Ligand SMILES: [Zn+2]
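In the working numbering, the protein residues as written are -8 to 446.
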């Protein structure tokens, strides 16, 4: 057996489980069955400033994994500015800073941002730095879904430099969420990314990253293809623009370019569940409707916008194997899932990495895999008494059968539980036995001890 600290997943979208009205969902078996005992809240800038209230509510309801909250730039910005594409005035900036301070003082591990996503994308670097400082002075890190992982706006390398500048000027460690080189224009740039990060580290800035072991990213069709200006003001504004012929023509032109960057309509697999297009590529839907891929995408965007507020999920096959391998070997990388609905990474990232990258392809060894999934992650987020098997530490412990440990989920069947965890303890309580969740809800909120600067 492999006996390891419970895995810590630094980039997760587990809210649908953790906030479910169904106690069986709140067990969070998708993660437990991989050997993960801790997940994140509020990544990509989404974390509520009401850290204490939200965490307490989740823990009181009974959850199967530990949670680590982050305070989100996007949540703070939306509370003050809504979805507007403008800079805050002095008073609004102060209110945003106040919300970040509140989140940090209530125990958040750091400050998350998702500058790729509207409306966060409307923020200039200086605005982010000013707000991030509130987390920096209280010991938080800058955890970023960076502005551009591809060639959409400032480019991958420009975006890496922006994040490093934010960390440097705000005075805080930088952590790249789901680091990758996304799309045909930047494939092969992983080495240049590594160079940027190594240089910043050599100059004394603490820079780290997490990575999921899949060649497809998950996003929404809207975020993948629509120009940002077209969603300024939200869905209602988008639909209005699409009804205006000249504006719609401009949107289409930019969508053609975005689709090329993503590798074309064959590379976009539609994975939102329970739609007529579930499990089909954009090419297949265009053929089925007898139209072109852009028209098909717009039809899907309109229909899902009208139905549930938009953002239909896609798996976007846009990463090069050599880039993924190179990043995985870096001494500052850790394992994550970025687990979100419809992509197998939510149910299978840790065993996928073990089977594909440790056992079969031998890109990294077992020891490195464990380190990338436990202690190094605990160090990055300063999780106290977690991530190691040491006397006095919390008993988050995974006992894994190396011969059985494997993913069961794939892109077409993304919600299959992984197998091979013999026993999993969360805070000393048996949470999985022979690949089956026991139903125990021993998860706690791992809140930072109140930092200085909170009075
Ligand atoms: Zn993200």
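Glycine included, C-beta positions come from ideal geometry on N, C-alpha and C.
Every value quoted in this text rests on a predicted model; they were computed, and no experiment measured them.
Closest by C-alpha distance to residue i, when choosing among the options
| i | options | result |
| --- | --- | --- |
| residue 338 | 91, -7 and 5 | 5 |
| residue 269 | 110, 60 and 404 | 404 |
| residue 181 | 147, 79 and 90 | 147 |
| residue 283 | 100, 250, 7 and -4 | 250 |
| residue 58 | 277, 67, 43 and 75 | 43 |
| residue 240 | 252, 218 and 226 | 218 |
| residue 70 | 91, 365, 395 and 336 | 91 |
| residue 142 | 117, 25, 171 and 116 | 171 |
| residue 450 | 175, 8 and 359 | Residue 450 is absent from the structure shown; the chain starts at -8 and stops at 446. |
| residue 125 | 85, 149 and 291 | 85 |
| residue 189 | 303, 110, 292 and 323 | 323 |
| residue 352 | 365, 402 and 320 | 320 |
| residue 325 | 151, 363 and 113 | 363 |
| residue 211 | 176, 273 and 394 | 273 |
| residue 402 | 336, 427 and 381 | 336 |
| residue 245 | 224, 144 and 187 | 144 |
| residue 27 | 258, 446, 399 and 378 | 378 |
| residue 174 | 207, 191 and 192 | 207 |
| residue 421 | 194, 407, 406 and 387 | 387 |
| residue -6 | 391, 205, 398 and 356 | 391 |
| residue -8 | 411, 53, 79 and 446 | 411 |
| residue 221 | 399, 76 and 151 | 76 |
| residue 78 | 121, 150, 384 and 253 | 121 |
| residue 370 | 81, 72 and 100 | 100 |
| residue 354 | 204, 226, 10 and 13 | 204 |
| residue 303 | 292, 311, 426 and 297 | 292 |
| residue 356 | 373, 254 and 393 | 393 |
| residue 149 | 396, 116, 443 and 381 | 116 |
| residue 449 | 41, 12, 82 and 68 | Lying before the first or after the last residue shown, residue 449 is absent from the chain, which here runs from -8 to 446. |
| residue 423 | 445, 396, 389 and 444 | 389 |
DSSP state of residue i mapped onto helix, strand, coil
| i | result |
| --- | --- |
| residue 14 | helix |
| residue 342 | helix |
| residue 175 | coil |
| residue 130 | coil |
| residue 136 | strand |
| residue 406 | coil |
| residue 145 | coil |
| residue 39 | coil |
| residue 220 | helix |
| residue 158 | helix |
| residue 189 | helix |
| residue 235 | coil |
| residue 45 | helix |
| residue 319 | helix |
| residue 24 | coil |
| residue 194 | coil |
| residue 19 | coil |
| residue 446 | coil |
| residue 294 | helix |
| residue 441 | coil |
| residue 312 | helix |
| residue 51 | helix |
| residue 182 | helix |
| residue 227 | helix |
For residue i: DSSP bridge partner residues
| i | result |
| --- | --- |
| residue 29 | -1 and 57 |
| residue 289 | Beta-bridge pairing links residue 289 to no other residue. |
| residue 167 | 135 and 200 |
| residue 305 | 210 and 261 |
| residue 424 | 414 and 427 |
| residue 436 | 58 |
| residue -7 | 391 |
| residue 397 | 410 |
CB contact check: residue i to chain D, cutoff 8 Å
| i | result |
| --- | --- |
| residue 115 | The chain labelled as chain D is not found in the depicted structure, where only one protein chain is given. |
Open item on the list: Check whether the stretch 45 to 54 and the stretch 197 to 216 touch, using three or more Cβ-Cβ pairs below 8 Å as the test.
Closed with: Too few Cβ pairs lie closer than 8 Å, so no.
TODO: Please go through the stretch 237 to 284 and give each complete beta strand (DSSP E) segment of 3 or more residues, from N-terminal end onward.
DONE: You should have 259 to 261.
- [ ] Indicate whether the contact test is met: 3 or more Cβ pairs, each with one atom in the stretch 310 to 320 and one in the stretch 285 to 301, closer than 8 Å.
- [x] No contact exists between the stretch 310 to 320 and the stretch 285 to 301.
- [ ] Inspect the CB distances between the stretch 2 to 22 and the stretch 344 to 354 and report whether three or more fall short of 8 Å.
- [x] Between the stretch 2 to 22 and the stretch 344 to 354 there are fewer than three C-beta pairs closer than 8 Å, too few to call the two in contact.
Task: the stretch -7 to 1 touching the stretch 326 to 336, judged by at least three CB pairs closer than 8 Å - done: Contact between the stretch -7 to 1 and the stretch 326 to 336 is present: 3 or more CB-CB pairs across the two stretches fall below 8 Å.
Task: Segment contact flag, the stretch 31 to 48 with the stretch 103 to 115, C-beta cutoff 8 Å, min 3 pairs - done: Because the criterion of three Cβ pairs below 8 Å is met, the stretch 31 to 48 and the stretch 103 to 115 touch.
Open item on the list: Below 8 Å, how does it come out for the stretch 225 to 245 and the stretch 254 to 273: are there three or more Cβ pairs, yes or no?
Closed with: Segment contact: the stretch 225 to 245 against the stretch 254 to 273, fewer than three CB-CB distances shorter than 8 Å; contact not assigned.
Task: Given 8 Å, three or more beta-carbon pairs between the stretch 149 to 162 and the stretch 90 to 101 - done: Verdict: no, contact absent.
Task: Stretch-stretch touch, CB-based, cutoff 8 Å, three pairs: the stretch 415 to 423 with the stretch 432 to 445 - done: With the cut-off at 8 Å, the stretch 415 to 423 and the stretch 432 to 445 touch.
Task: Given 8 Å, three or more beta-carbon pairs between the stretch 124 to 132 and the stretch 436 to 445 - done: Yes, since at least three Cβ pairs between the stretch 124 to 132 and the stretch 436 to 445 fall closer than 8 Å, the two stretches touch.
- [ ] Kindly provide the ranges of any beta strand (DSSP E) runs that are 3 or more residues long and lie completely inside the stretch 59 to 123, ordered along the chain.
- [x] List check, beta strand (DSSP E) in window: 101 to 105.
Open item on the list: I want to know whether the stretch 162 to 179 touches the stretch 133 to 140 - three or more CB-CB distances under 8 Å.
Closed with: The stretch 162 to 179 vs the stretch 133 to 140: in contact.
TODO: Go through the stretch 323 to 391 residue by residue and report every complete run of the alpha helix (DSSP H) that reaches 4 residues or more, in order.
DONE: As far as the stretch 323 to 391 is concerned, its whole alpha helix (DSSP H) runs of at least 4 residues are 336 to 343, 357 to 364 and 366 to 371.
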